[in-house]
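Residue numbers (the working numbering): 25 to 352. Don't be surprised by glycine CBs; every beta carbon is placed ideally from N, CA and C. Each remark here refers to the structure printed beneath this line.
This is the structure:
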C-alpha cells in the first residue's frame, strides 16, 4: 500500500522532544479522524531541532545575570529571557554556520536515515509538509538556500555539510542534483510562519539566503509531474500571532509563476477566534492595548495554538483526502 508521509517541523521556543511529538501527534490524530476510505498508509516523521541552541542561549543569560545590579534595572526580565531571547535567539543561531550545520546533520539523521528510509516514490509514496514558525524557514533554507553550496564549508568542522545537503536535496523530487528522483511533495502546510518576510531578500539583490530560485524549480517540476495540477499550500495564521504573516498577497514576490500557469495555489487560513477569551474585554480598551499590550500578553499562546486547533487538522486532512482522490 502506498504511503503518505507527513513531515512535522516545530518552530522556535521548543526545547522538549517528547512535548513536540505529543503536540504533533495530537494534530495528526485530528487529521486522520476525518480521513475516509483510506487506501494509503499515513506515516508521520517528526523533525526536532530545538536542542541545538540551548547551550548558547544559557550562556548569554548567564552573562546578563553576571552584571546583577545593572540587569535588575531592566523591566520584563523574564519576558526578555523566556520569550524574546528564545524567539530571536533560535533564529539568529540557526543562521550561524555552527548551529545551522548541526541542524542539517539532525535533519539528515531524523528525516532521511530514519523517517524516509523505507519510502518508495516509484510505488506512489508522497510527502506532506506541516511546518510551524521558524521551522518553515529552517526546512526551506536546507532545501533551497544557496549558502549550503559555499565551498568554504568543506573546511574544518563543516567538511561534511555540503555532501549532507546534497543527499537531502536528492531525496526530494524536483531539486538538483536529482530533479527526476526522490519523493514528491503532495502539499505544503505552514502554521504561524514568517516565510513572507524572506521576500525582502529578493528586493535587495542576490543573497545566499534567498529561497526563491530553487523553490521555483521545485514547484515547476512538481507542476509538470502532476500533469498541470498546482501544488496546494495552506498558510495558517492566528490574528494574535505576531510571527504569522499572510502569503496570498505577496506570493508573486516569492515565486515566479507563469502568466497562464499557477504552479502552486496558496490559501491563507485565518483562525475565527482572534483573542483568547480571558483577553477579549481588554481588546476594546485602548488602541495601545490592542497594538502593543495584547501581543505581549497573548502572542505566545496564539503562536502555539495551531497544534491543538481542530480547524487546522480538518483543513490539512481535506488536502490529504483530495490528494488521495487525485493521485499523481
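In the DSSP assignment, residue 211 falls outside any alpha helix (DSSP H) and within the unbroken beta strand (DSSP E) covering 209-215. One thing to note: residue 216 has its Cβ within 8 Å of the Cβ of residue 265. A Cβ-Cβ contact shorter than 8 Å links residue 258 with residue 291. A check of alpha carbon separations from residue 250 across 29, 262, 34, 348 identifies 348 as the nearest. At least 8 Å separates the beta-carbon of residue 32 from that of residue 135. The straight-line gap separating the alpha-carbon atoms of residue 238 and residue 143 is approximately 23 Å.
Between the region 88-98 and the region 161-180, the count of Cβ pairs shorter than 8 Å is below three; the stretches do not touch. Secondary-structure assignment with DSSP links residue 292 through a beta bridge to 259. Cβ atoms of residue 263 and residue 288 stay farther apart than 8 Å, at about 24 Å. For residue 177, there is no enclosing alpha helix (DSSP H), since its DSSP letter is neither H nor E. For residue 164, the enclosing alpha helix (DSSP H) has its first and last residue at 158-168.
The beta carbons of residue 109 and residue 207 sit no closer together than 8 Å. For residue 127, the closest alpha carbon among the candidates 182, 200, 81 is that of 182. In this structure, the CA atom of residue 162 is about 22 Å from the CA atom of residue 332. Note on geometry: alpha-carbon atoms of residue 25 and residue 89 lie some 57 Å from one another. In this structure, residue 28 places its C-beta atom within 8 Å of the C-beta atom of residue 66.
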